[in-house]
Amino acid sequence: MSDETVDWLVQEVNDLLDVSSVGLYEFIELLADSGLPAEERRHIAQGALDRLVAAGGVGLYEMRWPESEHVRPTAAVIWRRPDRDDATYVALDRESGAPANGDAAS
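In the working numbering, the protein residues as written are 49 to 154.
Shown next as C-alpha cells:
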C-alpha cells in the first residue's frame with residue numbers, strides 16, 4: 049500500500065467532510081481512476097479510514113439515501129453504495145454533525 053496514496057485519500061476525505069458526510073463507498077470511488085486492482089483500492093480505503101478515525105472527531109453512521117441525517121451510529125464498516133432495495137449505507141461524518149442521542153432528527 050502506498051503511504052502517499054493513503055495520505056492523498058485522507059486529505060480528500062477531510063476536505064469532503066468540511067461539506068458533508070462521506071459514504072465509505074466514496075472512498076473506493078475516489079480511487080477508481082487510479083488503475084489499482086479492487087483489492088488494493090479497498091486496502092488503501094481501509095488505511096485512510098483507520099487514520100481518520102484514529103485522529104478523532106469523526107464517527108461512522110448508518111445513513112439512508114437521499115436524507116442527510118444520521119440514522120444511528122454504527123461500528124460496521126460496509127463499503128457498498130446504497131441501492132434501490134436497501135437505501136442504507138455507512139458514512140464517515142464529523143462527530144459535531146451527529147445528533148446528540150444518536151438518532152436521526154424527526
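We put the CB at the ideal spot given by N, CA and C, even for glycine.
Boundaries (first-last residue) of the alpha helix (DSSP H) holding residue i
{"i": "residue 101", "result": "86-103"}
Under the three-state DSSP convention, the category residue i falls into
{"i": "residue 147", "result": "With a pLDDT of 46 at residue 147, under the threshold of 50, the modelled position of this residue cannot be trusted; read the value that follows with caution. In this structure, residue 147 counts as coil in the three-state DSSP scheme."}
{"i": "residue 153", "result": "Here the model assigns residue 153 a pLDDT of 38, short of 50, so the residue's position is not dependable, and the following value carries that caveat. Looking at residue 153 - three-state DSSP - the assignment turns out to be coil, as it is neither helix nor strand."}
{"i": "residue 1", "result": "No information on residue 1 is available, as it lies outside the stretch 49 to 154 that the chain covers here."}
{"i": "residue 67", "result": "coil"}
Cut-off 7 Å between Cβ atoms - residues of its own chain near residue i, not counting five sequence neighbours on either side
{"i": "residue 151", "result": "Only weak support exists for where residue 151 lies, its pLDDT of 43 falling under 50; the coordinates are left without a value."}
{"i": "residue 149", "result": "Summary for residue 149: the model assigns pLDDT 41, below 50, so the residue's position carries little reliability, and this model does not support an answer."}
{"i": "residue 78", "result": "57, 60"}
For residue i, the nearest candidate out of the options (CA to CA)
{"i": "residue 63", "options": "100, 126, 86", "result": "100"}
{"i": "residue 143", "options": "137, 122, 73, 129", "result": "122"}
CB contact check: residue i to chain B, cutoff 8 Å
{"i": "residue 76", "result": "Looking at the structure shown, chain B is missing, and only one protein chain is on hand."}
Endpoints, the beta strand (DSSP E) within which residue i is located
{"i": "residue 110", "result": "106-112"}
{"i": "residue 140", "result": "136-142"}
The ligand GDP heavy atom lying under 7 Å from the CB of residue i
{"i": "residue 82", "result": "As far as ligands go, the structure on display features none, and thus does not contain the ligand GDP."}
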